[in-house]
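**Q**
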Ligand SMILES: Nc1ncnc2c1ncn2[C@@H]1O[C@H](COP(=O)(O)OP(=O)(O)O)[C@@H](O)[C@H]1O
Ligand SMILES: [Mg+2]
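Quick look at the structure:
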């Protein structure tokens, strides 16, 4: 019923003409009314169906899980926004294309598809890696169900998946913290036991030192012993700070002030190394809720590392922002946090060691102790924040410090 009539009379006369030609006699007026009723009924139905369609489409497209449907030969027949966003493809890139190209491991993909399409074994939850258009690997968890047509014929499979990147990062972080905590407890005990004999050795050495004349080479040897003991004590002290950080005295502080304070502390050293310091503070940033002196210590550590990473001249950029931080994998449970980024143009961190840099005593420097990041990440956690790192070799490192507000 696409044609619209100007008036009912016009319509009736049209129908009259049409039927008269075939010599059929119908009560046209009645016929017209019937048709009009049907038209109204149908257009209402269509509207309702459109609403139902829009409603379902809305659900499928706005849900945060990825949805992909495939036919019985493994080609993609539908893919929703969340899925496209996760794997960075467009709809046209993928529609009617084989789904296996999305899996990081082709053999694994083959096994999965055989299970699904041939044996019709569905998965409740399975973890697998996908590869995005830009060749990034993303871990996902997925479940599947059979896609049936109205007459119950097997038409393919629905895959429902979630990006597990956040969850896996969180898991890793938890493992790291657990490892550090255990290590902290065990070694704090040992360190404590070492401190007492060290004190004894030091006193004896000092007595011995006094018994030689200052020019005696033995006096110099003994003085060396005392110095080395002091160094060991320093190490132990640092270690204690890590193993048993004092409880944070959290208050609302201005992060910009802290950064500027640390900058002032380091500015002459930066100048010596021809390092430019740039800052980009977000205006009207809310105060962060942290222990001021602990946070200062963290920023000093991060800045010192940034300075160490730069051989001759370079740049350190500090940027503050307000950001949403999702807890674990639950994106709906996002918290606002302040993000401080400390970026340098130094040598960057190799992929092989990036997992280790937060471990106590991990260092790549001749004079390094390897406690800076271990202590910093511990302190940040204690203050309810998070410390993460991104790095590209030769482009420098980017430390991301998330702080509660
Ligand atoms: N900004 C940075 N750029 C490059 N490498 C870094 C950076 N920050 C930390 N690292 C790496 O992490 C290691 C551990 O750092 P840290 O715990 O502070 O100990 P240390 O500075 O004593 O080596 C460093 O030895 C270095 O290899
Ligand atoms: Mg350091």
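Residue numbers (our numbering): 9 to 413. We put the beta carbon where it would ideally sit given N, CA and C, even for glycine. Keep in mind it's a predicted model, so treat the numbers as computed, not measured.
Helix, strand or coil for residue 295? Go by DSSP, reduced to three states.
**A** Locating residue 295 in the chain shown gives position 287, where the first residue counts as 1. In this structure, residue 295 counts as coil in the three-state DSSP scheme.
**Q** If you measure from each residue's Cβ to the nearest non-hydrogen atom of ligand 2, which ones come out under 6 Å, in chain order?
**A** Any residue whose Cβ sits closer than 6 Å to a heavy atom of ligand 2 makes the list: 309, 312, 313 and 380.
**Q** Does the contact criterion of 3 or more C-beta pairs under 8 Å hold for the segment 194-212 versus the segment 234-253?
**A** Short answer: they touch.
**Q** Report the option in 268, 301, 403 and 306 whose CA atom is closest to the CA atom of residue 289.
**A** Here residue 289 corresponds to residue number 281 of the chain shown, with the count starting at 1. Closest option to residue 289, Cα to Cα, is 268.
**Q** Could you name the residues of the same chain whose beta carbon sits closer than 8 Å to that of residue 208, not counting the 5 residues immediately before and after it, in chain order?
**A** In the chain shown, residue 208 corresponds to position 200, counting from 1. Hits under 8 Å: none found.
**Q** Along the alpha helix (DSSP H) that carries residue 274, what are the first and last residues, could you check?
**A** On the chain shown, position 266 is the one that residue 274 refers to. Looking at the DSSP string, the run of the alpha helix (DSSP H) that includes residue 274 is 263-280.
**Q** From what residue to what residue does the beta strand (DSSP E) around residue 165 run?
**A** Position 157 of the chain shown, counting from 1, holds the residue named residue 165. Residue 165 -> beta strand (DSSP E) spans 162-171.
**Q** Is residue 196 near ligand 1 - that is, is its Cβ less than 7 Å away from at least one heavy atom of it?
**A** Sequence index remark: in the chain shown, residue 196 carries index 188 (1-based). Not so, every heavy atom of ligand 1 lies at least 7 Å from the Cβ.
**Q** Pick helix, strand or coil for residue 66, following the three-state DSSP scheme.
**A** Here residue 66 refers to the residue found at position 58 of the chain shown. In this structure, residue 66 counts as helix in the three-state DSSP scheme.
**Q** Could you tell me the alpha carbon to alpha carbon distance between residue 310 and residue 407, rounded to whole angstroms?
**A** The residue you call residue 310 lines up with position 302 of the chain shown. The residue you call residue 407 lines up with position 399 of the chain shown. So the alpha carbons of these two residues sit roughly 8 Å apart.
**Q** Relative to ligand 1, is the shortest distance from any of its heavy atoms to the C-beta of residue 357 smaller than 7 Å?
**A** Position 349 of the chain shown, counted from the start, is the residue given in the question as residue 357. Because some heavy atom of ligand 1 lies under 7 Å away, the Cβ of residue 357 counts as near it: yes.
**Q** Closest to residue 294 by CA distance: which of 330, 306, 190 and 273 is it?
**A** Taking the chain shown and counting its residues from 1, the one referred to as residue 294 is at position 286. For residue 294, the nearest C-alpha among the options comes from 330.
**Q** Confirm the yes/no value for this check: CB of residue 378, any heavy atom of ligand 1, distance under 7 Å.
**A** In the chain shown, counting from the first residue as 1, residue 378 sits at position 370. Because some heavy atom of ligand 1 lies under 7 Å away, the Cβ of residue 378 counts as near it: yes.
**Q** For residue 285 and residue 318, I'd like the C-alpha separation in whole angstroms.
**A** The sequence position of residue 285 within the chain shown is 277, counting from 1. The sequence position of residue 318 within the chain shown is 310, counting from 1. Straight-line Cα distance between these residues: approximately 12 Å.
**Q** In whole angstroms, give me the CA-to-CA distance for residue 36 and residue 61.
**A** As a position in the chain shown, residue 36 is number 28, starting the count at 1. As a position in the chain shown, residue 61 is number 53, starting the count at 1. Between residue 36 and residue 61, the C-alpha separation is close to 36 Å.
**Q** Could you tell me the alpha carbon to alpha carbon distance between residue 210 and residue 233, rounded to whole angstroms?
**A** Position 202 of the chain shown, counting from 1, holds the residue named residue 210. Position 225 of the chain shown, counting from 1, holds the residue named residue 233. Looking at the two C-alpha atoms, the distance is approximately 8 Å.
**Q** Any heavy atom of ligand 1 inside 7 Å of the beta-carbon of residue 65?
**A** What you label residue 65 is simply residue 57 of the chain shown in a count that begins at 1. No; taking the cut-off as 7 Å, the Cβ of residue 65 has no heavy atom of ligand 1 nearer than that.
**Q** For residue 111, which option in 149, 129, 86 and 85 has the closest C-alpha, if you only look at C-alpha atoms?
**A** Here residue 111 refers to the residue found at position 103 when the chain shown is read from its first residue. Among 149, 129, 86 and 85, the Cα nearest to that of residue 111 belongs to 149.
**Q** Let me confirm a value: residue 361 is counted as buried when at least 16 other C-beta atoms fall within 10 Å, else exposed. Which label applies?
**A** Here residue 361 refers to the residue found at position 353 when the chain shown is read from its first residue. Under this definition residue 361 is an exposed residue.
**Q** Measuring only the C-alpha atoms, how far is residue 337 from residue 372?
**A** Within the chain shown, residue 337 is the residue found at index 329, counting from 1. Within the chain shown, residue 372 is the residue found at index 364, counting from 1. Confidence at residue 337 is low in this model, with a pLDDT of 44, below 50, so its placement is unreliable and no value can be given for it.
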